[in-house]
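Q: Those letters in the sequence shown? Residues 17 to 297, by the numbering used here.
Heads up, the beta-carbon is just placed ideally off N, CA and C, and yes, glycines get one too.
This structure is in structure tokens; I'll ask about it shortly.
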Amino acid sequence: MRITIAFLLMLGNLGAMLFSDINTSPRALGRSGAFVASAEGLEAVHFNPAGITEVSNLEVQTYYKHLYSGLSVGLHNASIAVAKRWKNNVLAVNFQDFGASLKGEYEGRYAEDVLTLTYGYSLSKYLRFGTNFSFYHLQEPRFGGASSFGVDLGIITSIYKSWQMGVFVQNLNGPSIQGEYDSYRLPRFIAFGMSLKPMRNAITEIAVRKEENYPARFMIGQELNLFKGMIGLRGGLLSEGELTKFSFGLDFNKAPLRITYGMQYDPDLPLTHIIGISYGR
Numbered sequence: 017m018r019i020t021i022a023f024l025l026m027l028g029n030l031g032a033m034l035f036s037d038i039n040t041s042p043r044a045l046g047r048s049g050a051f052v053a054s055a056e057g058l059e060a061v062h063f064n065p066a067g068i069t070e071v072s073n074l075e076v077q078t079y080y081k082h083l084y085s086g087l088s089v090g091l092h093n094a095s096i097a098v099a100k101r102w103k104n105n106v107l108a109v110n111f112q113d114f115g116a117s118l119k120g121e122y123e124g125r126y127a128e129d130v131l132t133l134t135y136g137y138s139l140s141k142y143l144r145f146g147t148n149f150s151f152y153h154l155q156e157p158r159f160g161g162a163s164s165f166g167v168d169l170g171i172i173t174s175i176y177k178s179w180q181m182g183v184f185v186q187n188l189n190g191p192s193i194q195g196e197y198d199s200y201r202l203p204r205f206i207a208f209g210m211s212l213k214p215m216r217n218a219i220t221e222i223a224v225r226k227e228e229n230y231p232a233r234f235m236i237g238q239e240l241n242l243f244k245g246m247i248g249l250r251g252g253l254l255s256e257g258e259l260t261k262f263s264f265g266l267d268f269n270k271a272p273l274r275i276t277y278g279m280q281y282d283p284d285l286p287l288t289h290i291i292g293i294s295y296g297r
């Protein structure tokens, strides 16, 4: 997304970015989205739901993302989620609100809301599965509201010592939303990641994502935890066609609370910031 939502609306080109910011979290943004094989906890929901099996008992999280410093229309993405573990099963509920306040000809509130039910299962310590059932709702000033339903699948497996592999398929069922004149396909893609954890406090992941009608997206991310996990540092690089973005992140972890911050740099747009807080026990 390289121009404002208002401009996209005026061009009648909304389908080019519809629900394109669903895959976000503070930790993942700090690693430029390289969060497929090493995804864990509630932040794994829209990167690889198999990762929610890392929830130890109960986890609650919320975050707020200020995209491109709001682009003068208050462009944001906010989320709240909760997960609970029962033996080898984890169930999570996540709600996201992506929106902006538009002015001018299409004045009104633009919103993309997503309610997701996630189930994760640990078949063994080497193999984990996860699935999402997402209800999408679009609120758009021109034609009102429209809804759709999507299904995602994810797998994470340990392949050799400190190596993990992850595969994630979003919107496997190919959902779409009916607009005023056209039907818009929701983002459908497959992502693959390989991660290496050479020591307890360090993770490196390389991931690739391929969406229909778009160039492949390549991501690399690094994470380092210091002072017995109290401080976390991360960075990443994303490349998609001619687009390159850089990311940075940090967090403060004092059990049971964790505060996480991420920042993304786009050479043609203002900075994107995200901050989240989670509670886990």
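List the DSSP bridge partners of N105.
A: Paired residues: W102, Y137.
Q: In chain order, what residues of the same chain lie with their CB nearer than 6 Å to the CB of V76, ignoring the 5 residues before and after it?
A: Same-chain partners within the cutoff: V98, Y295.
Q: Where do the N-terminal and C-terminal ends of the beta strand (DSSP E) with R225 fall, by residue?
A: Start and end: 218-227.
Q: Between G129 and H153, which are expected to be in contact by the criterion C-beta below 8 Å, what is the C-beta distance as a whole number of angstroms?
A: Residue 129 is actually Asp in this sequence, not Gly. That belief holds up - the Cβ atoms of D129 and H153 are roughly 5 Å apart, short of 8 Å.
Q: Which residues in the same chain have their Cβ closer than 7 Å to the Cβ of L139, if we skip the five residues on either side of it in sequence?
A: The residues are F145.
Q: Would you list the residues sitting across from K213 in a DSSP beta bridge?
A: K213 pairs with nothing; no bridge assigned.
Q: Sort out for me which residues DSSP pairs N269 with in a bridge.
A: Beta-bridge pairing links N269 to R274.
Q: Tell me the rounded alpha-carbon separation between K141 and F243.
A: C-alpha separation (whole angstroms): 27 Å.
Q: Look at the alpha carbon of P157 and the alpha carbon of R201, and state the distance between them as a whole number of angstroms.
A: Whole-angstrom Cα-Cα distance: 19 Å.
Q: Kindly list the residues whose CB is nearer than 6 Å to the CB of N73, restricted to its own chain and excluding five residues on each side of it in sequence; keep chain order.
A: So the list reads R101, R297, once near-sequence residues are dropped.
Q: Less than 8 Å between the beta carbons of L169 and L143, yes or no?
A: Going by C-beta atoms, L169 is not nearer than 8 Å to L143.
Q: Might you give, ordered along the chain, the residues of its own chain that have their beta carbon closer than 7 Å to the beta carbon of N269, omitting 5 neighbours on each side?
A: Cβ within range, chain order: G245, M246, G248.
Q: Could you tell me whether the Cβ atoms of A218 and A50 are closer together than 8 Å?
A: In this structure, A50 does not lie closer than 8 Å to A218 by Cβ.
Q: Pick from D267, F262, Y277: whose alpha carbon is nearest that of D284?
A: Taking only the C-alpha atoms, the option nearest D284 is F262.
Q: Going by CA-CA distance only, name the one from I172, T173, Y122, G160 that's closest to G195.
A: Nearest of I172, T173, Y122, G160 to G195, Cα basis: G160.
Q: What whole-angstrom Cβ distance do R43 and G257 have, given they're in contact under 8 Å?
A: The pair is not a contact, with the Cβ atoms about 25 Å apart (cut-off 8 Å).
Q: Is it buried or exposed for P65, if we count other Cβ within 10 angstroms and need 16 for buried?
A: With 16 or more Cβ atoms within 10 Å of its Cβ, P65 is classed as buried.
Q: Among the candidates S178, T288, V106, F111, whose CA atom is the shortest distance from the CA of Y137?
A: Checking every option, the nearest Cα to that of Y137 belongs to V106.
Q: My output table needs one value for R204: the three-state DSSP class, helix, strand or coil.
A: R204: coil per DSSP, three-state reduction.
Q: Hey, would you say A94 sits closer than 8 Å to Y80, going by beta carbons?
A: In this structure, Y80 lies closer than 8 Å to A94 by Cβ.
Q: Restricting to Cα atoms, I'd like to know which of I275, N241, R250 is closest to G46.
A: Comparing Cα positions, the closest option is R250.
Q: Check each candidate in E227, I38, T134, R216 and name the one with the smallest Cα separation from A207.
A: Among E227, I38, T134, R216, the Cα nearest to that of A207 belongs to E227.
Q: Applying the criterion that 16 or more other CB atoms from any shown protein chain within 10 Å of the CB defines a buried residue, is N104 buried or exposed?
A: Classification for N104: exposed.
Q: Roughly how many whole angstroms lie between the Cα atoms of Q186 and R233?
A: Taking the straight line from one Cα to the other gives about 15 Å.
Q: Within the continuous beta strand (DSSP E) that includes R233, where are the two ends?
A: Per DSSP, R233 belongs to the beta strand (DSSP E) from 233-242.
Q: I236: which of Y230, N229, T220 sits nearest, CA to CA?
A: Nearest of Y230, N229, T220 to I236, Cα basis: T220.
Q: By alpha-carbon positions, which one of T147, Y281, V61 ends up nearest to S255?
A: When only C-alpha atoms are compared, the closest one is Y281.
Q: May I ask you to check if the CB of R101 is nearer than 7 Å to at least one heavy atom of the ligand FMN?
A: The ligand content of the structure shown is nil, which means the ligand FMN is not present either.
Q: According to DSSP, is P157 helix, strand or coil?
A: Looking at P157 - three-state DSSP - the assignment turns out to be coil, as it is neither helix nor strand.
Q: So, at 6 Å on beta carbons, what are the nonlocal neighbours of T69 in its own chain, with the 5 sequence-adjacent residues on each side left out?
A: V106, G136, S138, R144, listed in sequence order.
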